[in-house]
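What follows is a short report on a single structure.
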Amino acid sequence: MRAAGFMLASTLCFGAMAITIRLASATLHTFEIAFFRNFFGLMAVLPLVAGVDRASLRTKQLPRYFVRCAIGIGSMLAGFWAIGHLPLAQAISLSYSTPVFVTIAAAIFLGEHVRARRWAAVAIGFIGVLVIVRPGSAQFSTGTLIALLAAVLSGVVAIQIKQLSRIDAANTIVLYTYLFWVPMSLLPALWVWEWPQGIAWLWVVGAGIFGTGGQVLWTHALKLGEVSALTPISFMQLPLVATAGWLWFGESVDGWTWAGAAIILSANAYIAHREAVLTRRAATAAPTSAAVPGE
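So the number in the working numbering is just where the residue sits in the sequence shown, counting from 1, plus 92.
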């Protein structure tokens, strides 16, 4: 129950972050929103790591962090642009395709053996993407491709985080990510700089706090529960942002977006289930293999 509570709270935080980004987009450029989200996110992270042993925060992977964060900034800028310019439900639905690209990236960069059933789920996820994007139709736009680019880059980042976590602790990864993100996101923001006015400050501060809160809660949830059981809870973000889009921004969600989202989420749920099954099998087999004589 605690894991489910953490995941639900994480989902609400990420949904609230998307809404504050959309509200901030009315007066601020995407580049600035990304910078303020990272700056205030770092302010929220520092108290969390203040009591952590400094030795555990040291790393020998700074070049890898630089590459991971550069790709992450690209994903963030594309994703924030999509949230600010596409219907919220459509932008979030396309972001759910990230696990599909994570599976592909794991096979390419980590050499993971992906069996036929997970490849089938990847193919089904792509069908869901095509249903939402609808290339060749009147509803197709370059904006949907930008949202899809954010999901692709996010998938690559997820693999890089997995590689970093083999050596560094979670707190170390989060801290160095923000330490790189702040100056990296400041550079493009300076080209379009305009100080937030009035309530816009509330939106950018909220984006930073909600984003960091979502990450921390998500990490705690995965420590306490299984991905396959918790992933469906994260899908609650979609009706949340769809309702906000309808109430506050006058957006309507067409049947194609709902259908595509349902297909993508079904594929994600199966991918998460298979990964959980394989993880349990590896954990069960580990003591047996370790007991083999001569090893």
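Cβ atoms here follow ideal geometry from the backbone N, Cα and C, with glycine treated the same way.
Assuming contact is defined by CB atoms lying nearer than 8 angstroms, are His177 and Gly107 in contact in what I supplied? no
Distance between Leu140 and His312 (C-alpha atoms, nearest Å): 13 angstroms
Closest residue to Leu279 among Ala126, Thr112 and Thr103 (Cα-Cα distance): The shortest Cα separation from Leu279 among Ala126, Thr112 and Thr103 belongs to Ala126.
Pairwise C-alpha distance: Arg129 and Ile301: Rounded to whole angstroms, the separation of the alpha carbons of Arg129 and Ile301 is 8 angstroms.
Please specify which runs of the alpha helix (DSSP H), each continuous and at least 4 residues long, are wholly inside the region 227-299, giving them in chain order. 234-256 and 262-283
Leaving out the 5 sequence neighbours to the left and right, which residues in its chain are closer than 7 angstroms to Ala101 when beta-carbon positions are compared? Leu309
Output the distance between the C-alpha atoms of Val333 and Ser167, rounded to the nearest integer angstrom. Rounded to whole angstroms, Val333 to Ser167 spans 20 angstroms at the Cα level.
Answer yes or no: do Ala364 and Thr323 have a C-beta to C-beta separation smaller than 8 angstroms? yes
Hey, would you say Ile224 sits closer than 8 angstroms to Gly352, going by beta carbons? yes
Residue environment, Met109, which counts as buried when at least 16 other CB atoms sit within 10 Å: buried
Separation of Arg114 from Gly305, as counted between CA atoms: When the Cα atoms are used, Gly305 and Arg114 turn out to be separated by approximately 18 angstroms.
Can you tell me which of Leu154, Met135 and Ala136 puts its alpha carbon nearest to the alpha carbon of Ile265? In terms of Cα proximity to Ile265, the closest of Leu154, Met135 and Ala136 is Leu154.
Cα-Cα, which of Met99, Thr112 and Arg94 is closest to Ala299? Thr112
With a threshold of 8 angstroms, are at least 3 pairs of Cβ atoms found where one atom belongs to the region 207-216 and the other to the region 330-350? no
Is Gly164 closer than 8 angstroms to Trp273 when the C-beta atoms are compared? Cβ atoms of Trp273 and Gly164: closer than 8 angstroms.
Considering Glu124, what are the terminal residues of the alpha helix (DSSP H) in which it resides? Thr122 to Val141
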